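Q: I have a structure I would like to understand better, so I am pasting it below and will then ask my questions one at a time.
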Amino acid sequence: MANSDTEVVIIGGGAAGIAAGWRLAKAAVECLLVEARPRLGGRAWTVTDRSGCALDLGCGWLHSADRNPWVKIAKSQGRTIDKTPPPWQKPALPNDFPLAKQQDFTQAQHAFYARMEAAAQGASDLPAAAFLEPGCRWNRLIDAVGSYITGADLERVSARDFDNYADTNVNWRVREGYGAAIAAHGDGLPVVLDCPVLQIDHHARRLKIETAKGAITADQAIVTLPSALIADKEFLFAPALPEKTEAARGLPLGFNDKLFLSLEKPEEFEPDSRLFGHKDRSATATYHLRPFGRPQIEAYFGGSFAAELEAGGERAFFDFALTELKRLLGGDFIRRVKPLPMHRWGADPFARGSYSYALPGKAGCRAKLAAAVDERLFFAGEACSIHDFSTAHGGFHTGVAAAEQVLAVRRKKRV
Ligand SMILES: Cc1cc2nc3c(=O)[nH]c(=O)nc-3n(C[C@H](O)[C@H](O)[C@H](O)COP(=O)(O)OP(=O)(O)OC[C@H]3O[C@@H](n4cnc5c(N)ncnc54)[C@H](O)[C@@H]3O)c2cc1C
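Sequential numbering from 33 applies to the sequence shown in this note's numbering.
Laid out in structure tokens, this is it:
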């Protein structure tokens with residue numbers, strides 16, 4: 033791609049950008065999707081291990097699956113929707129965590145959510161940690177689970193934003209990979225890969241998008257970059273848009289990482305079961321045993337602990353998981369596991385984290401980030417979603433919404 037011209041440039045080829053692209057294509061608006069990576073999908077990314085199993089290194093669960101548009105898309109691609117209930121909707125294995133204690137923990141967790149729900153929409157937007165019961169023995173585990181959900185420790189998370197999240201509690205998976213389904217949905221769109229956008233110049237009547245492969249002029253742009261990148265890149269817009277930088281800074285990306293392990297002699301474990309590494313600390317992982325019934329373990333890490341391990345490289349995740357698994361299942365067990373491909377999302381220059389959370393007092397930043405500028409710059413991406421943030425279906429809906437806004441302006445101006 034040397035210098036080129038189009039009607040609408042879509043910046044970023046993840047769930048949001050792809051959804052926006054199809055909405056514009058359906059309305060016969062000329063668009064070009066510009067993606068920094070050599071692949072589509074962004075934080076939706078399926079890789080295949082040596083035995084041919086699809087591993088979702090990013091999104092894996094079709095959350096709110098009964099109203100999630102990716103279900104229909106994945107089915108239309110001939111993929112298999114797996115409706116096995118997720119491990120967090122049933123008791124964990126009782127090793128080291130007897131069922132009575134699990135019930136005690138679940139009650140404490142529900143009471144925490146109930147206190148937060150009752151106060152979250154009140155006068156002040158407090159940190160979620162403010163709703164932990166002082167001295168409760170389960171606070172650290174509640175914090176650990178909170179970090180799997182939000183990517184951050186509860187003291188950093190806005191209770192109002194947490195409460196705004198809407199979930200139907202129906203969670204399905206795509207056997208061949210959620211990331212693969214999202215990336216394949218981009219097939220047929222006009223796309224330039226390996227092409228980081230460097231600046232969006234909106235001084236003149238027409239936009240000038242500076243990229244690593246030349247400049248693109250356009251009437252309008254839909255920006256779907258992760259909020260952490262909008263927050264960091266002061267010179268992304270010329271002239272600068274301090275209100276966007278400010279809104280994005282209220283919505284950092286949390287840290288979540290998955291470590292897949294192959295597992296020899298898996299039969300002793302029930303498919304899709306789970307174990308908590310520790311019950312008395314937030315620096316712990318949760319282990320999903322035999323996902324899809326496969327001979328694997330998926331370890332999940334979140335929050336400041338995931339950030340700490342990222343600093344130590346992939347080996348730090350593996351070493352930590354071995355220590356916890358050895359404690360839970362014995363010294364011989366760890367000879368049965370080997371690490372599979374993983375990805376450190378915080379170190380990824382085109383993500384800088386896993387999914388967005390709002391800082392205390394910053395729940396309003398999602399609407400501010402999503403607001404259009406000057407009928408020419410439109411914003412999408414999971415961080416722009418008020419109720420479905422942090423998810424791939426949230427990304428999808430914001431992409432369609434931004435494209436609808438573009439179309440409304442074009443109709444008004446009869447472009
Ligand atoms: C470990 C992990 C687990 C997750 N689990 C789930 C789950 O189970 N269910 C769920 O629904 N969601 C989950 N998510 C979140 C989900 O993956 C994201 O919310 C969703 O994919 C975000 O889509 P998006 O389009 O908003 O952003 P992205 O996918 O990040 O798309 C933005 C695109 O912009 C590109 N880009 C960045 N910089 C530039 C630039 N300068 N120029 C051009 N392009 C650029 C990026 O490469 C990327 O492709 C998970 C994420 C992670 C990391």
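Think of the CB as a built atom: it goes at the ideal place given N, C-alpha and C, for glycine as much as any other residue. In this text, all values refer to a predicted model and were calculated from it rather than measured experimentally.
At least one CB of chain B closer than 9 Å to the CB of Lys104: is that the case?
A: Absence of chain B from the displayed structure is noted, only one protein chain being present.
Q: Might you give, ordered along the chain, the residues of its own chain that have their beta carbon closer than 7 Å to the beta carbon of Glu157, omitting 5 neighbours on each side?
A: Counting from one through the sequence shown, the residue named residue 157 turns up at place 125. A quick correction: the sequence has Asp, not Glu, at residue 157. Here the set comprises Ser190, Ala191, Arg192, Pro392, Gly393, Ala395.
Q: Ligand 1 and Arg207: does any heavy atom of the ligand fall closer than 8 Å to the residue's C-beta?
A: Stepping through the sequence shown from its first residue, residue 207 is reached at position 175. Every heavy atom of ligand 1 is 8 Å or more from the Cβ of Arg207, so no.
Q: What I want to know is whether the C-beta of Asp289 ends up closer than 8 Å to one or more non-hydrogen atoms of ligand 1.
A: Taking the first residue of the sequence shown as position 1, residue 289 is located at position 257. Indeed, a heavy atom of ligand 1 lies less than 8 Å from the Cβ.
Q: Does ligand 1 have a heavy atom nearer than 8 Å to the CB of Pro258?
A: The residue given as residue 258 occupies position 226 in the sequence shown. Within the cutoff, so yes.
Q: Can you name the residues that DSSP bridges to Thr243?
A: Working through the sequence shown from its first residue, we reach residue 243 at position 211. Thr243 is bridged to Val229, Gly246.
Q: Just to confirm before moving on: does the CB-CB distance between Glu266 and Ala260 stay below 9 Å?
A: Here residue 266 corresponds to residue number 234 of the sequence shown, with the count starting at 1. Here residue 260 corresponds to residue number 228 of the sequence shown, with the count starting at 1. Not in contact: Glu266 and Ala260 (Cβ atoms no closer than 9 Å).
Q: Going by DSSP, what residue range makes up the alpha helix (DSSP H) through Asp264?
A: Mapped onto the sequence shown, residue 264 falls at position 232. That run of the alpha helix (DSSP H) goes 259-264.
Q: Compute the minimum distance between the beta carbon of Arg429 and the heavy atoms of ligand 1, and state whether it is under 8 Å.
A: If you number the sequence shown from 1, residue 429 lands on position 397. Per the sequence shown, the amino acid found at residue 429 is His instead of Arg. Not so, every heavy atom of ligand 1 lies at least 8 Å from the Cβ.
Q: Mind checking which residues open and close the beta strand (DSSP E) that includes Ile42?
A: Here residue 42 refers to the residue found at position 10 of the sequence shown. Run containing Ile42: 36-43, per the beta strand (DSSP E) assignment.
Q: Sort out for me which residues DSSP pairs Ile113 with in a bridge.
A: As a position in the sequence shown, residue 113 is number 81, starting the count at 1. BP columns for Ile113 point to Val206.
Q: Is Tyr210 near ligand 1, judged by its Cβ being under 8 Å from some heavy atom?
A: Position 178 of the sequence shown holds residue 210. Yes, Cβ of Tyr210 sits closer than 8 Å to a heavy atom of ligand 1.
Q: Given 8 Å as the limit, tell me if His234 has its C-beta closer than that to any heavy atom belonging to ligand 1.
A: Position 202 of the sequence shown, counted from the start, is the residue given in the question as residue 234. Incorrect: His234 has no Cβ contact closer than 8 Å to ligand 1.
Q: DSSP beta-bridge partners for Arg306?
A: Here the question's residue 306 lines up with position 274 in the sequence shown. Per DSSP, His320.
Q: Do you know offhand how far Leu257's Cα is from Glu299's?
A: As a first step, residue 257 is located in the sequence shown; it is residue number 225 there, counting from the start. As a first step, residue 299 is located in the sequence shown; it is residue number 267 there, counting from the start. Taking the straight line joining both Cα atoms gives about 43 Å.
Q: Can we count Arg55 as close to ligand 1, meaning its CB is less than 8 Å from some heavy atom?
A: Within the sequence shown, residue 55 is the residue found at index 23, counting from 1. Arg55 Cβ: outside cutoff for every heavy atom of ligand 1.
Q: Starting from Ser336, follow the alpha helix (DSSP H) in both directions and report where the run begins and ends.
A: To locate residue 336, count along the sequence shown from 1; it is residue 304. Taken as a continuous stretch (DSSP letters only), the alpha helix (DSSP H) holding Ser336 covers 335-343.
Q: Name the DSSP beta bridge partners of Trp93, please?
A: Looking up residue 93 in the sequence shown gives position 61. Beta-bridge pairing links Trp93 to Arg205.
Q: The alpha helix (DSSP H) that contains Phe137, what's its start and end?
A: As a first step, residue 137 must be located in the sequence shown, where it is residue number 105. 131-151 is the extent of the alpha helix (DSSP H) around Phe137.
Q: May I ask you to check if the CB of Pro79 is nearer than 8 Å to at least one heavy atom of ligand 1?
A: Locating residue 79 in the sequence shown gives position 47, counting from the first residue. Pro is not the amino acid found at residue 79; the sequence shown has Val there. No, Cβ of Val79 sits at least 8 Å from all heavy atoms of ligand 1.
Q: Check whether the stretch 399-417 touches the stretch 429-446, taking contact to mean three or more Cβ pairs, one atom from each stretch, closer than 8 Å.
A: These segments touch.
Q: Considering only C-alpha positions, which residue in the set Ala161, Thr249, Ile254, Ser36 is nearest to Ala402?
A: The residue given as residue 402 occupies position 370 in the sequence shown. Comparing Cα positions, the closest option is Ile254.
Q: Using a 10 Å radius around the Cβ and a threshold of 16 neighbouring Cβ atoms, would you call Asp406 buried or exposed?
A: For this step, residue 406 is matched to residue 374 along the sequence shown. Asp406 should be labelled exposed.
Q: Less than 8 Å separating the Cβ of His320 from some heavy atom of ligand 1?
A: Against the sequence shown, residue 320 aligns to sequence position 288. No, the Cβ of His320 stays beyond 8 Å of every heavy atom of ligand 1.
Q: According to DSSP, which residues form a beta bridge with Gly211?
A: Locating residue 211 in the sequence shown gives position 179, where the first residue counts as 1. Beta-bridge pairing links Gly211 to no other residue.
Q: Identify whether Lys394 lies in helix, strand or coil by the three-state DSSP scheme.
A: By one-based count along the sequence shown, residue 394 stands at place 362. Three-state result, Lys394: coil.
Q: Give a single yes or no on whether Cys63 has its beta carbon closer than 8 Å to a heavy atom of ligand 1.
A: If you number the sequence shown from 1, residue 63 lands on position 31. Answer for Cys63: no, Cβ out of range of ligand 1.
Q: Is the CB-CB distance between Cys91 and Gln328 below 9 Å?
A: By 1-based counting over the sequence shown, the position of residue 91 is 59. By 1-based counting over the sequence shown, the position of residue 328 is 296. For Cys91 and Gln328, no; Cβs fall outside 9 Å.
Q: To the nearest angstrom, how far is the alpha carbon of Phe163 from that of Leu173?
A: Here residue 163 refers to the residue found at position 131 of the sequence shown. Here residue 173 refers to the residue found at position 141 of the sequence shown. Roughly 14 Å separates the two Cα atoms.
Q: Under DSSP, the beta strand (DSSP E) around Cys88 begins and ends at which residues?
A: As a position in the sequence shown, residue 88 is number 56, starting the count at 1. One detail in the question is off: residue 88 reads as Asp in this sequence, not Cys. 86-88 is the span of the beta strand (DSSP E), which, as asked, contains Asp88.
Q: Measuring CA to CA, which of Val224, Glu242, Lys107 is closest to Gln231?
A: Residue numbering aside, residue 231 sits at position 199 when the sequence shown is read from its first letter. Cα-wise, what sits closest to Gln231 is Glu242.
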